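For the sequence shown, the positions run 228 to 686 when the numbering used here is used.
Backbone N, C-alpha and C fix where the C-beta goes; we use that ideal spot for every residue, glycine too.
Only a predicted model underlies this, so the values are computations on that prediction, with no experimental measurement involved.
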Amino acid sequence: MKTLDRQNLNESLAPLMRTHFPKEFVWGSASSAFQVEGAHDVDGRVASIWDQFAQQPGAIVDGADAKVACDHYHRWPEDLDLMRGLGFDAYRFSIAWPRIFSKLGGSANTKGLDFYDRLLDGVCERGLQPWLTLYHWDLPQYLQAQGGWAARATVDAYLEFADCVSRHLGDRAKHWITHNEPWCTAMHGHYDGIHAPGVRDLKTALQACHHVLLSHGAAVRLIKNNVSNAKVGIALSLHPLHAASESAADQAALQRHDGLRNRWYLDPLHGRGYPRDIWELCAAYAPEVKAQDMQIIATPIDFLGVNYYFPETVYDAPAAHPLRTALVQNADVERTAFGWEVAPQGLADLLKRIKTDYQTAPIYITENGASYEDLVQADGSIDDSERMRFYQRHLRVLRDLIREGVDVQGYFAWTLMDNFEWAQGYRRRFGLCYVDFKTQERRLKKSAYWFQQFLKNHA
Ligand code: FCB
């Protein structure tokens, strides 16, 4: 493990300082409505596909649901105080669509809008910069009943939602993220089925994906019309990839995997259409694309949000359908409790590749973080040194990248507090703050204290 040794040595030689980053660099924490809000039936909120999914036996670990989650709906003042106390500049959060429109073709729910008014005011009063995500996976269930993202009409419904929210909150919110991780919406939601709505069909997945991307492009135009000085982008889950070997077969497998994992999103957003090699491979499952769709998807964005968690190693697996690839579970690598490979250097590989291949808009790391087994000590403290080191090592890599000229303008930690981690329920804790889900008490972990020190160090 030579790389690790070298990394540790660097760490001890040079402490990481906030002042190593550009002055205007934005430091935030990120969350999503469904994972933290709870209050599932309060003030006119209707069910989302995740409420429905959580009712399916075996869909979520421990049969958990997010009816209460972190009760952020009621406890947001305390949570914003925590963010401020840790020294963050920005809060990335999402708007729950099922709070805003309770049925198809109806008018907006005032009580739902009022909640986000209060939250947004609270964010601004504390000097935090709001970053709004429009879609972080909680599609209203009534839309799923009409076909969900696989139906083109959902694009129109999304635009109505985007129009309403941007008109309402755009006076105070200037940073907008149209979608969080379309790959997950499409592939986890509609191909492997481990996320809501739990469909398992590649053709449906690629059609859903196309509609998500189309709705993104159309929303960029719409938000910019509605909101003066808006900065609009999208948050993609992207992965640095390696081939399992030098063999031509594994190298070709790497290209194919990259095609559906990364290029399927980056190419059309940058005006190149869907990657031809993958389109041909997946011809039998190809989405219906109408004239103008690709131009709309390629509407210029103001920033690219990158959610970075882990790299993947790919090998040629002729029997696997349809890309004929599979992933190697490397045995000799460091992993988080979730099993995700810890690879700070992967962030550099990924961002350099994006810069070289796409010359994209400025980048914000819209998510990065790790889940570990957080044990509460007898004195109540939580020694999550592994998470602290995870952050330190990734930020060190980021600092060096910026020095090398990669245009990264901000970083959002995932996440402020432990929350409902989708199919993993409450088993996977990603927070800087520990949440006792019985009492809703929030307690700073060691990683939070470290972040606080790091962020306070302006001088
Ligand atoms: C990302 C999701 C986010 C959270 C983290 C751990 O894929 O965007 O909601 O679950 O993973």
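| query | result |
| --- | --- |
| Burial state of asparagine 489 (16 or more Cβ within 10 Å) | buried |
| Reduced DSSP category for phenylalanine 315 - H, G, I as helix; E, B as strand; rest coil | coil |
| Helix, strand or coil at arginine 562 according to DSSP, with G and I counted as helix | strand |
| Among Gly498, Gly632 and Val633, the one whose alpha carbon lies nearest that of leucine 519 | Note that residue 519 is glutamine in the sequence shown here, rather than leucine. Closest option to glutamine 519, Cα to Cα, is Gly498. |
| Delimiting residues of the beta strand (DSSP E) encompassing tyrosine 492 | Here tyrosine 492 belongs to no beta strand (DSSP E); instead the alpha helix (DSSP H) covers 491-496. |
| Closest by C-alpha distance to isoleucine 524, when choosing among Ala445, His299, Leu465 and Phe530 | Ala445 |
| Local conformation of tryptophan 506 per DSSP, three classes | helix |
| Cβ neighbours of histidine 621 in the same chain (closer than 7 Å, five flanking residues each side left out) | Pro571, Leu574 and Asn595 |
| Any non-hydrogen atom of ligand 1 within 7 Å of tryptophan 303 CB | no |
| Residues near leucine 671 in its chain [Cβ-Cβ closer than 6 Å; skip 5 each side] | Cys660 |
| Spatial distance of phenylalanine 320 from threonine 587 (CA atoms) | 24 Å |
| Any 3 or more C-beta pairs closer than 8 Å across the stretch 452-463 and the stretch 535-544 | no |
| Nearest neighbour of glutamate 561, chosen from Ile590, Phe617 and Asp348 [CA to CA] | Phe617 |
| Given 8 Å, three or more beta-carbon pairs between the stretch 604-617 and the stretch 285-294 | no |
| Three CB pairs or more closer than 8 Å across the stretch 360-368 and the stretch 267-279 | yes |
| Asparagine 407 Cβ short of 7 Å to ligand 1 heavy atom set | yes |
| DSSP bridge partner residues for tryptophan 254 (one or two, in chain order) | Tyr638 |
| Cβ-heavy atom distance, tryptophan 358 to ligand 1, below 7 Å | no |
| Test item: CB-CB of leucine 643 and aspartate 390 under 8 Å | no |
| Segments of 4+ residues assigned as alpha helix (DSSP H) that fall wholly inside the stretch 510-552 | 520-524 |
| Within 8 Å, strictly: CB atoms of tyrosine 591 and glycine 632 | no |
| Cβ-Cβ distance between histidine 301 and arginine 626 below 8 Å | no |
| Where the alpha helix (DSSP H) through glycine 331 begins and ends | The residue you asked about is not glycine; residue 331 is leucine in the sequence shown. No alpha helix (DSSP H) contains leucine 331, which DSSP labels as neither H nor E. |
| Exposure label - cysteine 351; buried when at least 16 CB within 10 Å | exposed |
| Nearest candidate by alpha-carbon position, reference aspartate 645, set Trp254, Leu243 and Ser259 | Ser259 |
| Alpha-carbon to alpha-carbon, aspartate 529 and proline 467 | 23 Å |
| Boundaries of the alpha helix (DSSP H) in which glycine 626 is found, first to last residue | A quick correction: the sequence has arginine, not glycine, at residue 626. First-last of the alpha helix (DSSP H) with arginine 626: 612-630. |
| Member of Gln373, Leu578, Ala435 and Thr583 whose CA lies at the smallest distance from the CA of tyrosine 418 | Ala435 |
| heavy atom of ligand 1 below 7 Å from glutamine 262 C-beta | yes |
| Endpoints, beta strand (DSSP E) assigned at histidine 406 | 402-407 |
| Local conformation of glycine 500 per DSSP, three classes | coil |
| Glutamine 680, buried or exposed, once every other Cβ within 10 Å from all chains shown has been counted against 16 | exposed |
| beta-carbon cysteine 391 near ligand 1 non-hydrogen atom, thresh 7 Å | no |
| Span of the beta strand (DSSP E) around glycine 460 | 458-464 |
| Asparagine 657 beta carbon near ligand 1 (any heavy atom closer than 7 Å) | Note that residue 657 is phenylalanine in the sequence shown, not asparagine. Under cutoff, so the answer is yes. |
| Anticipated Cβ contact below 8 Å, glutamine 619 with glycine 425, distance rounded | At roughly 37 Å, the Cβ-Cβ gap does not stay under 8 Å, so glutamine 619 and glycine 425 are not in contact. |
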